[in-house]
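Note sheet for the following structure.
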Amino acid sequence: MNKIALITGASRGIGKAAAIAFAKAGYDVAVNYNNSAEAAEDLCLELKNYGVNAAAFQADISLRSQVDEIVSKIRKTMGNISVLVNNTGIAEQALFTDISEEMWDRMFAVNVKGAYNCTQAVLPDMIHSKYGRIINISSMWGISGASCEVHYSASKAAIIGFTKALAKEEGLSGITVNCIAPGVIDTDMNRHLSCEDMACLKENTPVGRIGTPEDVAEAILFLASENASFITGQVLSIDGGFIL
Ligand code: NAP
Numbered sequence: 292m293n294k295i296a297l298i299t300g301a302s303r304g305i306g307k308a309a310a311i312a313f314a315k316a317g318y319d320v321a322v323n324y325n326n327s328a329e330a331a332e333d334l335c336l337e338l339k340n341y342g343v344n345a346a347a348f349q350a351d352i353s354l355r356s357q358v359d360e361i362v363s364k365i366r367k368t369m370g371n372i373s374v375l376v377n378n379t380g381i382a383e384q385a386l387f388t389d390i391s392e393e394m395w396d397r398m399f400a401v402n403v404k405g406a407y408n409c410t411q412a413v414l415p416d417m418i419h420s421k422y423g424r425i426i427n428i429s430s431m432w433g434i435s436g437a438s439c440e441v442h443y444s445a446s447k448a449a450i451i452g453f454t455k456a457l458a459k460e461e462g463l464s465g466i467t468v469n470c471i472a473p474g475v476i477d478t479d480m481n482r483h484l485s486c487e488d489m490a491c492l493k494e495n496t497p498v499g500r501i502g503t504p505e506d507v508a509e510a511i512l513f514l515a516s517e518n519a520s521f522i523t524g525q526v527l528s529i530d531g532g533f534i535l
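What the sequence shown shows, in this note's numbering, is residues 292 to 535, in sequence order.
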């Protein structure tokens with residue numbers, strides 16, 4: 292029987308690339324999305340070409356009731372989740388003095404509470420089966436901080452603390468919890484940046500290029516693998532050397 296991976300925010304970008312990498316590696320994939328229903332359904336058709344089971348599940352992960360509902364549906368229709376990729380994230384640029392309470396709360400509701408909601412919903416089954424892999428997607432800005440992205444940076448730093456603390460709590464249950472800190476990756480999240488901004492970011496990346504969603508996906512897949520069973524509580528930077 293294939294292992295089942297739930298990937299949040301898998302309709303586009305890094306989550307989509309991770310879904311494809313997991314399907315190619317023989318995992319059944321539960322594709323979570325919020326608004327992009329068509330993209331999620333198309334992705335599932337693509338994943339099935341690799342001979343695995345795949346299905347799309349709509350939920351705004353900031354809402355616990357919606358998360359509980361899809362986790363229960365996944366359990367009934369696909370089986371128990373053994374890999375959770377907390378990939379969903381939103382970003383926003385604003386001067387700190389312009390960040391409203393509403394902007395702050397939404398950032399933390401999606402980026403931090405979303406991970407809490409999904410993790411708490413899948414953890415009992417993982418504890419019961421004494422096996423689990425949780426991979427959280429932070430950001431290099433969660434390590435170094437980004438100007439005009441204080442709320443984003445703070446939410447991504449919170450994901451690092453979340454990872455380390457949970458890794459300590461769940462180690463004896465056979466569950467590893469790790470975190471990936473991507474650098475600049477070519478996805479919709481960066482579409483608002485000008486060509487000049489992208490060129491500048493590329494110039495500041497030691498390997499001399501912008502990352503691809505596949506660069507991150509391969510690292511996620513590795514952390515989910517048997518080969519990574521002695522790795523937990525770690526933050527793996529996939530940033531071409533941007534933060535050293
Ligand atoms: P993206 O292209 O903007 O895609 C975001 C994904 O998250 C979409 O599938 C979207 O689904 C989903 N999503 C947004 N809000 C959601 C919600 N409330 N509930 C459920 N799903 C929701 O983002 P990305 O660049 O792939 O980023 C993926 C992760 O990597 C994020 O955590 C991001 O912070 C992190 N990261 C990205 C970069 C980068 O340069 N791209 C760098 C560092 C870290 P719908 O379209 O269905 O709404």
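Each residue gets a CB set at the ideal place from its N, CA and C atoms; glycine is no exception.
Predicted model, so just to flag it, every value in this text is computed and none were measured.
From what residue to what residue does the beta strand (DSSP E) around V401 run? First-last for V401: undefined, no H or E at that position.
Which value, in whole angstroms, describes the spacing of the CA atoms of N469 and E329? 30 Å
Along the chain, where does the beta strand (DSSP E) that runs through P473 open and close? I466 to P473
What does DSSP give as the partner residues of G502 in its beta bridges? I476
Within 6 Å: the Cβ of V475 and any heavy atom of the ligand NAP? The answer is yes for V475.
Comparing the CB of M480 with every heavy atom of the ligand NAP, is any distance shorter than 6 Å? yes
Buried or exposed for K294, please, with buried defined as at least 16 other CB atoms from any protein chain shown within 10 angstroms of its CB. buried
If you reduce the DSSP assignment to three classes, tell me which class N518 lands in. helix
Output the boundary residues of the beta strand (DSSP E) element that contains L527. Residues V526 to I529.
The ligand NAP and I541: does the residue's C-beta get closer than 6 Å to at least one heavy atom of that ligand? Since the first residue of the chain shown is 292 and the last is 535, residue 541 is not available in this structure.
Report the three-state DSSP secondary structure of Y422 (helix, strand or coil). coil
Please find out if some non-hydrogen atom of the ligand NAP comes closer than 6 Å to the beta-carbon of S353. With a cutoff of 6 Å, S353 counts as near the ligand NAP, since its C-beta is closer than that to a heavy atom of the ligand.
7 Å Cβ cutoff met for S444 and G452: no
When DSSP builds the beta bridges, which residues end up paired with D319? I295
By alpha-carbon positions, which one of L457, A385 and N427 ends up nearest to L512? N427
Using only the alpha-carbon positions, how far apart do G531 and G474 sit? Taking the Cα positions, G531 is about 7 Å away from G474.
Cβ-heavy atom distance between S430 and the ligand SAM below 6 Å? This structure lacks the ligand SAM; its bound ligands are the ligand NAP.
Tell me which residues share the same chain as N495 and place their Cβ nearer than 8 Å to its Cβ, disregarding the 5 neighbours each side in the sequence. F533
Which value, in whole angstroms, describes the spacing of the CA atoms of A331 and G306? Each residue's CA atom was taken as its position, placing A331 and G306 some 11 Å apart.
Rounded distance between the beta-carbons of N378 and A309, thought under 8 Å: 6 Å
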